[in-house]
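Numbering (my numbering), first residue to last: 58 to 473.
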């Protein structure tokens with residue numbers, strides 16, 4: 058492969074080691090790398106997920122971020138703490154501010170609360186080459202926050218991310234240039250490469266593609282025919298080529314739809330789901346109204362409990378686009394009544410408004426006052442914006458089946 062025509066940048070991918078667990082350890086005055094600590098979503102539920110395990114807990118007891126609370130060993134040295142999402146977001150923002158002292162905001166691309174890409178082009182005179190910049194930032198994060206980080210260095214975002222995942226988590230800092238791809242990436246199984254999930258792994262394995270090197274040597278036209286544009290992207294990634302931007306405003310993306318879902322804490326009956334769905338429709342429409350958007354396609358997703366399994370996912374398009382809560386709710390209940398089996402318990406509900414357009418003038422209707430229905434939603438939104446998300450709620454939200462009150466206390470599905 059001739060890489061001469063492809064851009065080379067100095068890109069770092071910085072990952073905070075066991076971020077949630079590290080923040081909690083620091084709060085307790087403990088060493089994040091040596092203490093046994095588990096961050097649990099809800100310690101009052103035995104089936105709650107372990108959101109983060111300290112490196113020593115992972116090493117000693119094999120606990121991972123997909124383990125459950127009940128799987129933790131009976132070790133008195135293990136510190137069990139609930140999640141505090143507001144704290145993690147605060148520390149994440151402060152770390153971003155620290156990085157901003159090295160580079161402008163346009164060079165910082167947050168990937169998640171604990172991972173960020175940073176483009177460090179042109180810093181040689183100030184801080185040295187990209188290795189030296191990585192070492193300085195890594196040490197600064199440790200000195201300022203007590204958090205250990207892993208840093209991948211690459212010629213583009215993909216290489217920085219993958220070398221971080223495969224090598225830097227052990228070495229601390231690792232680098233991969235275009236010329237290093239064959240040695241540092243090709244021997245690894247495809248499922249260990251960022252962007253390849255279990256389903257894609259299964260499809261590739263069936264084609265005889267086990268390692269990234271085999272993917273790189275596979276026929277491009279065959280991959281495009283089998284997977285479309287995704288197959289082409291996989292091929293170029295296998296050669297270490299990634300043309301995604303390394304500077305710019307990474308937060309502006311075209312809104313395809315507004316969705317809101319919840320994994321229920323207990324089994325819900327069909328009658329209770331009607332209350333839950335109304336709360337979800339309210340949130341979806343609030344977000345649509347805030348963005349001055351209306352939509353024509355309403356989607357309802359329902360998952361049953363593990364005992365029965367299954368569920369359904371159905372959509373319906375309407376003639377007149379809307380962002381009125383009761384319009385969306387009415388369609389959701391039509392879909393629910395049509396496809397629900399009438400007996401299974403329900404554990405997950407999801408509502409989406411799609412096929413969006415900018416809200417214009419309200420279309421008049423001889424049989425209902427659409428203008429009044431629109432005004433009610435905007436008035437409720439204004440009250441919530443001024444006095445808080447729970448300042449005005451529908452009566453059903455206060456029942457046992459309502460979900461808005463509980464979710465108002467959470468960030469990202471976990472208590473703040």
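Glycine is no exception: its CB is placed at the ideal position from the N, C-alpha and C atoms.
| Query | Result |
| --- | --- |
| On the DSSP bridge list, what partners appear for residue 369? | 359 |
| Using only the alpha-carbon positions, how far apart do residue 424 and residue 385 sit? | Confidence in residue 424 is poor, its pLDDT being 48 and thus under 50, which makes the residue's placement unreliable; the coordinate value appears in the next sentence. Taking the straight line from one Cα to the other gives about 18 Å. |
| Taking only the alpha-carbon atoms, compute the straight-line gap between residue 302 and residue 157 and give it to the nearest angstrom. | 18 Å |
| Classify residue 200 as helix, strand or coil using the three-state DSSP reduction. | helix |
| Go to residue 286, then tell me how far its alpha helix (DSSP H) extends in each direction, as first and last residue. | 286 to 295 |
| For my contact list, residue 80 and residue 173 are in at a C-beta cut-off of 8 Å; report their separation, rounded to the angstrom. | Rounded, the Cβ-Cβ distance is 16 Å, inconsistent with contact. |
| What residues are listed by DSSP as bridge partners for residue 167? | 173 |
| Have a look at residue 421 and residue 377 and give me their C-alpha separation to the nearest angstrom. | Because residue 421 sits at a pLDDT of 47, beneath the cut-off of 50, its placement in the model cannot be relied upon, and the point is left open. |
| What does the Cβ neighbour count give for residue 176, buried or exposed, with the cut at 16 atoms within 10 Å? | buried |
| Can you list, in chain order, the stretches of the alpha helix (DSSP H) that have 4 or more residues and sit fully within the segment 211 to 245? | 214 to 220, 238 to 241 |
| Tell me residue 413's beta-bridge partners as DSSP assigns them. | 352 |
| Where DSSP assigns a beta bridge to residue 139, which residues make up the other side? | 97 |
| Can you tell me the Cα-Cα spacing of residue 228 and residue 207, whole angstroms? | 8 Å |
| So, residue 294 versus residue 252, is the Cβ gap smaller than 8 Å? | yes |
| Within the same chain, show all residues whose beta-carbon is closer than 6 Å to that of residue 70, passing over the 5 residues directly before and after it, in chain order. | 174, 209, 217, 218, 221 |
| Over what stretch of residues does the alpha helix (DSSP H) that includes residue 7 continue unbroken? | Absent from the structure is residue 7, since the part of the chain shown begins at 58 and ends at 473. |
| Check the DSSP bridge columns for residue 69 and list the partner residues they point to. | 175, 210 |
| Could you tell me how far apart the beta carbons of residue 163 and residue 304 are, in whole angstroms, since I believe they sit closer than 8 Å? | 5 Å |
| Is DSSP giving residue 322 helix, strand or coil here? | strand |
| Could you spell out the range, first to last residue, of the alpha helix (DSSP H) harbouring residue 107? | Taken as a continuous stretch (DSSP letters only), residue 107 belongs to no alpha helix (DSSP H), being part of the beta strand (DSSP E) at 107 to 110. |
| Leaving out the 5 sequence neighbours to the left and right, which residues in its chain are closer than 8 Å to residue 349 when beta-carbon positions are compared? | 415, 416 |
| Quick one: Cα of residue 16 to Cα of residue 137, how far? | The requested residue 16 does not occur in the structure, where the chain is confined to residues 58 to 473. |
| Starting from residue 384, follow the alpha helix (DSSP H) in both directions and report where the run begins and ends. | 382 to 396 |
| Short check: CB of residue 405 to CB of residue 265, under 8 Å? | no |
| Taking contact to mean at least 3 C-beta pairs separated by less than 8 Å, is the segment 93 to 112 in contact with the segment 122 to 130? | yes |
| Should residue 150 be labelled buried (16 or more other beta-carbon atoms within 10 Å of its own) or exposed? | exposed |
| So, does the segment 383 to 403 touch the segment 331 to 346, judging by three or more C-beta pairs under 8 Å? | yes |
| Starting from the C-beta of residue 167, find all residues in its chain whose C-beta is less than 7 Å away, skip the five residues before and the five after it, and write them out in chain order. | 153, 173 |
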